[in-house]
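These notes are about the structure you will find just below.
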Amino acid sequence: MRRLIAGIAVAVLAGCSLPASVVPGEPNISKYSDKAPKEYAACVLPLWRQEIPGSTQSAISNGYRITAPSIITADEILVIVKSKDGSQVSLYQGPPWAKSGALRQAVRDCL
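Under mature numbering (1 follows the signal peptide of the UniProt record, and there is no 0), residues -22 to -1, 1 to 89 are what the sequence shown spells out, in order.
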């Protein structure tokens, strides 16, 4: 019985730690920027790296994805895609108690 309960607890916690790119849902922030995706990513990435040095950037088909890793919860992910007049910026963050205000502010500062 204890093993069953422990197994269920592990499964529940594992589900909470899936990255936002795997778990469908609404972004915490969704904004438009006049900057091109490359220019916007060049603004945000250094600010994220100041807060979380392991932050990485990867190219996607129509823009960039910046990921700030988390040991405890889901990674914080910023998706920057080309839009008509600039970029569409979408920030996905974990549970409310684990969200980084500094990363969210960097997203807004670079708009």
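Backbone N, C-alpha and C define an ideal beta-carbon position, used for all residues, glycine too. Small disclaimer: the values here were computed from a predicted structure and weren't measured.
| Item | Value |
| --- | --- |
| Expected contact under 8 Å - CB spacing of T45 and T34 to nearest Å | 5 Å |
| Backbone CA spacing between S8 and V67 [nearest angstrom] | 6 Å |
| Assigned secondary structure, L89 (DSSP; H/G/I helix, E/B strand, else coil) | coil |
| Range of the contiguous alpha helix (DSSP H) that encloses Q28 | P15 to E29 |
| Proximity to K16 [Cα-Cα], best of R43, L25, Q83 and P73 | R43 |
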